[in-house]
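Note sheet for the following structure.
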Amino acid sequence: MHRKEFIQKMQQVLLRRRSALRQSLSGELSQFNISADRHVGDEIDAALDTDYGLINANLAEVESQELANIDAALRRIREGTYGTCEGCEKRIPVARLQAIPYARFCVKCQQEQDKLGGANRSATTYGVWSHE
Numbered sequence: 027m028h029r030k031e032f033i034q035k036m037q038q039v040l041l042r043r044r045s046a047l048r049q050s051l052s053g054e055l056s057q058f059n060i061s062a063d064r065h066v067g068d069e070i071d072a073a074l075d076t077d078y079g080l081i082n083a084n085l086a087e088v089e090s091q092e093l094a095n096i097d098a099a100l101r102r103i104r105e106g107t108y109g110t111c112e113g114c115e116k117r118i119p120v121a122r123l124q125a126i127p128y129a130r131f132c133v134k135c136q137q138e139q140d141k142l143g144g145a146n147r148s149a150t151t152y153g154v155w156s157h158e
């Protein structure tokens, strides 16, 4: 497969993932609103609701960051810079883009960014996800 075809495929992958994240975040917001309107039974129920709320807030934060990374990758596709390392300006290997479709850096440059204290942590992965 040529790189141009690969980038078109990755664009579709990113669009599907963006749609799924938007749907998930919308559902989490609806669930939060339902929970906020619910009257708590006792202290244990209140503690559980608080714990679930914190877990959902953390999940929403991670999903929101991934959504921002995906939007940035889609912008780079439109601009013609997708797949080019923002550090060394070399091509990011296809295998890395398959694992992390919104990667902004090659592995070497990402490691350098991580050593600098994660100033660009938003561009790193929160885990490898499947796009099949």
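For this note's numbering, count along the sequence shown from 1 and bump the result up by 26. Just so it is clear, CB atoms sit at the ideal spot from N, CA and C, and this is done for glycine as well.
N- and C-terminal bounds of the alpha helix (DSSP H) containing residue i
i, result
"residue 140", "133-141"
"residue 122", "120-125"
Identity of the residue in the options nearest residue i by Cα
i, options, result
"residue 100", "130, 142, 140", "130"
"residue 53", "140, 70, 89", "89"
"residue 42", "114, 141, 139, 127", "127"
"residue 36", "68, 125, 82", "125"
With 16 other Cβ atoms within 10 Å as the buried cut-off, status of residue i
i, result
"residue 147", "Its pLDDT being 49, under 50, residue 147 is placed unreliably by the model, and the measurement read from it follows with that caveat. Per the 10 Å Cβ criterion, exposed."
"residue 114", "exposed"
"residue 27", "exposed"
"residue 34", "exposed"
Cα-Cα separation, residue i to residue j
i, j, result
"residue 44", "residue 111", "22 angstroms"
"residue 48", "residue 93", "8 angstroms"
"residue 120", "residue 80", "36 angstroms"
"residue 32", "residue 46", "21 angstroms"
"residue 38", "residue 103", "11 angstroms"
"residue 82", "residue 70", "18 angstroms"
"residue 84", "residue 91", "11 angstroms"
"residue 106", "residue 141", "28 angstroms"
"residue 108", "residue 136", "16 angstroms"
"residue 133", "residue 68", "50 angstroms"
Cβ-Cβ distance between residue i and residue j below 9 angstroms
i, j, result
"residue 51", "residue 86", "yes"
"residue 29", "residue 122", "no"
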